[in-house]
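So the sequence shown is numbered by the UniProt record's numbering: it starts at 1 and just counts up by one.
Beta carbons: idealized from backbone N, C-alpha and C, even for Gly.
Bear in mind that the values here come from a model prediction, so they are computed numbers and not experimental data.
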Amino acid sequence: MPASVVAAEPLALAFLDLRQYHPGHVLVIPRQHLPDVRALDDATAAAVMLLVARVARAVDAAFPNDGLSVWHSAGPGAHQEVPHLHVHVHPRRLGDGLLRIYPAAPAHPERATLEAWATRLRDLLGASGTPAI
C-alpha cells in the first residue's frame with residue numbers, strides 16, 4: 001500500500017495516517033513486524049521513541065494545534081485495530097472531544113496499594129531495569 005512517508009530510519013518509519021481527524025496525524029512504526037510494545041527489543045524501542053519525539057516536534061511546528069496526543073494501543077482490550085506496533089502522533093485542538101481516556105475522574109488507590117504495585121513491577125524489571133520476565 002502506498003504511504004506518504006515523513007521520515008525513514010534504519011529501524012523505524014513515520015508516515016501520515018490515512019485517517020486524518022486533524023491534519024498532521026502521523027504513525028511511527030518499527031520496520032520489523034512486531035505486534036505491540038511488549039515485543040520490542042531495546043534498540044528498536046529507542047529508535048521508535050526517538051523518531052516519535054522528532055515527529056512530534058515537526059507536527060507541532062507544521063500544523064495548528066493546542067497540544068499533541070501520542071499513543072499506542074496494545075491488544076484487543078486496548079482496542080488495537082492493526083496487529084503491527086504503531087505509535088500515533090496526533091495534533092489536538094481544545095474541545096475536539098477526541099480520545100478522552102477517562103469518562104470520569106479515576107479512583108486514587110491508597111499509598112500502600114500503589115507501593116505494592118510498584119514493588120511487583122520493580123521485581124519483574126530487576127535491579128538494572130532489564131526485565132526478569
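L16 is positioned such that its CB atom lies closer than 7 Å to that of S4.
In the structure shown, V6 falls within a strand segment according to DSSP collapsed to helix, strand and coil. By the C-beta density criterion, H90 is buried, having at least 16 other C-beta atoms within 10 angstroms.
Excluding residues up to 5 positions away in sequence, L11, P30 lie with their Cβ nearer than 6 Å to the Cβ of T44 in the same chain. Between the segment 32–39 and the segment 52–67 there are fewer than three C-beta pairs closer than 8 Å, too few to call the two in contact.
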